[in-house]
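Residue numbers (the numbering used here): 1411 to 1602. See below for the structure under consideration.
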DNA sequence: AAGTATACCAACCGCGAGCGC
DNA sequence: GGCGCTCGCGGTTGGTATACT
């Protein structure tokens, strides 16, 4: 059974913070420092729980907070860090001065996750198209069109520039073989 | 202009970890 | 070791603004 969190479910008020509440909170933190949040809430005479005070401070009132307008550079960094760290927002935020974990999480959920999904979808379509091209070359023996076979080197030439090097692979060139090849050498797809 | 859908973001909630008693 | 308190994190909710029909 889940442990009850004494800082939750208090009788404290909820909802948006008023400017007056912000002012009182900042005043108390200036004196006592940003710790012992329950005490801070009491000292400030706020009808808020300590947890709520902490959140307000961390995400809004803390000095040096940057708000809004995430730059392209920052966005790029978020994407790369998310790739590396996953949903570890506080770690990601730690790399972006002035940004809070909550802001980054919100930004990811409202902007970047959609963007990423679109990219993935596009990637998949493009990969499927490439595989279909390969499949046509192999299953239909279709060395017509843009592809040719060089009998001396045993290579498949696709288009003007691309050479599919078969010299290190055994015939027959079938789909099973090809899928194994693709798993091993995804780079090849980029050529087709 | 009014109603509805969607996007955005501040705030809330549940949970786990750390610490002192 | 057990308990209560505090803190921090990540997921989720809900209110408001904006876009769309």
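Quick reminder that beta carbons are idealized off the backbone N, C-alpha and C, glycines included. Quick caveat: nothing in here was measured; it's all calculated off a predicted structure.
Is the segment 1456–1474 touching the segment 1426–1434 in the sense that three or more CB pairs, one from each, lie closer than 8 Å?
-> yes
Along the alpha helix (DSSP H) that carries residue 1463, what are the first and last residues, could you check?
-> 1460–1466
Count the other CB atoms, across all protein chains shown, that sit within 10 Å of the CB of residue 1445; report buried if there are 16 or more and exposed otherwise.
-> exposed
How would you write the range of the alpha helix (DSSP H) that residue 1486 sits in, first residue to last?
-> 1482–1495
If you check the beta carbons only, do residue 1452 and residue 1435 fall under 8 Å apart?
-> no
What residue range is occupied by the uninterrupted alpha helix (DSSP H) comprising residue 1517?
-> 1511–1517
Residues in its own chain within less than 6 Å of residue 1511 by CB, not counting five upstream and five downstream?
-> 1499, 1500, 1503
Note the first and the last residue of the continuous alpha helix (DSSP H) segment covering residue 1504.
-> 1499–1504
Over the uninterrupted alpha helix (DSSP H) stretch that includes residue 1451, give me the two end residues.
-> 1447–1453
Could you check if residue 1433 is buried or exposed, using at least 16 other CB atoms within 10 Å of its CB as the buried criterion?
-> exposed
Best match in 1506, 1449, 1478, 1515 for proximity to residue 1484 [C-alpha to C-alpha] | 1506
If we call anything under 8 Å between Cβ atoms a contact, is residue 1492 one with residue 1467?
-> no
What is the C-beta distance between residue 1456 and residue 1440, in whole angstroms, given that I count them as a contact (C-beta under 8 Å)?
-> With a Cβ gap of about 15 Å, residue 1456 and residue 1440 do not count as contacting.
Where does residue 1509 land, buried or exposed, given buried means 16+ other C-beta within 10 angstroms?
-> buried
Is DSSP giving residue 1479 helix, strand or coil here?
-> coil
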